[in-house]
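Engineer: Residue numbers (mature numbering (1 follows the signal peptide of the UniProt record, and there is no 0)): -22 to -1, 1 to 241.
Built from N, CA and C at the ideal position, the CB exists for glycine as well.
Quantities reported herein were computed from a predicted structural model and do not represent experimental measurements.
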Ligand SMILES: [Zn+2]
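(1) For ligand 1, enumerate in chain order all residues having a CB closer than 5 Å to any of its heavy atoms.
(2) Hey, out of 43, 55 and 221, whose CA is closest to residue 23's CA?
(3) Could you tell me if residue 140 is buried or exposed, where buried requires 16 or more neighbouring beta carbons within 10 angstroms of its beta carbon?
(4) Please give the ranges of any beta strand (DSSP E) in the segment 90 to 133, keeping only runs that are unbroken, at least 3 residues long and fully inside the region.
(5) If you count every other CB in all the chains shown that lies within 10 Å of the CB of residue 147, and 16 or more means buried, which is it?
(6) Between the C-alpha atoms of residue 216 and residue 151, what's the straight-line distance to the nearest angstrom?
(7) Any idea if residue 122 is buried or exposed, counting beta-carbon neighbours within 10 angstroms, 16 or more meaning buried?
(8) Which of the three DSSP states is assigned to residue 190 in this structure?
(9) Which complete beta strand (DSSP E) runs does the segment 177 to 230 hold, if anything under 3 residues is left out?
(10) The alpha helix (DSSP H) spanning residue 76 covers which residue range?
(11) Using a 10 Å radius around the Cβ and a threshold of 16 neighbouring Cβ atoms, would you call residue 69 buried or exposed?
(12) Mapping DSSP to helix, strand and coil, what is residue 51?
(13) Need the endpoints of the alpha helix (DSSP H) that residue 167 sits in, please.
(14) To the nearest angstrom, how far is the alpha carbon of residue 57 from that of residue 241?
(15) Using 8 Å as the threshold, is the segment 190 to 198 in touch with the segment 46 to 53, meaning 3 or more CB pairs across them?
(16) Is the beta carbon of residue 115 less than 8 Å from the beta carbon of residue 157?
(17) Could you have a look at residue 66 and say whether DSSP puts it in helix, strand or coil?
(18) Rounded to whole angstroms, what is the Cα-Cα separation between residue 166 and residue 48?
(19) Using the DSSP secondary-structure output, state which residues sit across from residue 138 in a beta bridge.
(20) Excluding sequence positions up to five away, which residues of its chain have a Cβ less than 6 Å from the Cβ of residue 87?
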């Protein structure tokens, strides 16, 4: 049984790493309104998650910690992995990512930038309507936010949450993710004080960096482990390679670990 599962996972990896996307052409777009998506497992990550029980040794030794820098959230706390998309919403790429997620009946977390939430409120509404989780990613993708005072950091995050909720009244924003992962004790303290979780990641394919579609798929497949939080991008540049990688990545991760939604 285990050998068969391992063989299947190996084959899936082989297909993922060597295969192109030709077989994954999306079906014709449905003109229907958004159908309800069956609710899958949801998890609430904590900063000190229990290491996932895998039942068998993971492929890689646990060289990465169970928590991220400054005790941020790095893993889901369950076996299932979570998908996160940063730097949107973007009028071209976000709908494509949402289409793929909807077809796969998978929910993800969108780490949105305040100025873009202000510009694209309809996209914000669609993200929430289709059951995804919203994460604050600062007002204007401020890599240097940690150099500001705690009061300024708080104002940046509050302003972003206000803009998100102007587009989607009352929506929960349970997480904050610092652009560039440049966490500081001040940022983490403000985030926690505001009742949010500082959301880091475990798998980074560097899809923002002109990485090819096959390479994005390969990196995610190789880095993923039980409970991984996968960092990808639906904004901030040409995301066609990320979009191209998504269908097979979703299939692979779901078969091997399951995909959970962060709450
Ligand atoms: Zn970002």
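Structural biologist: In short:
(1) 64, 65 and 157
(2) 55
(3) Under the 10 Å beta carbon count, residue 140 is surrounded by fewer than 16 other beta carbons and is classified as exposed.
(4) 111 to 114
(5) exposed
(6) 26 Å
(7) exposed
(8) If DSSP states are grouped into helix, strand and coil, residue 190 belongs with coil.
(9) 207 to 211
(10) 71 to 82
(11) So residue 69 ends up on the exposed side.
(12) strand
(13) Where residue 167 is concerned, the enclosing alpha helix (DSSP H) stretches over 163 to 171.
(14) 15 Å
(15) no
(16) yes
(17) Secondary structure of residue 66 (DSSP, three-state): strand.
(18) Straight through space, the alpha carbons of residue 48 and residue 166 are spaced by roughly 7 Å.
(19) DSSP lists no partner for residue 138.
(20) 62, 111, 113 and 240
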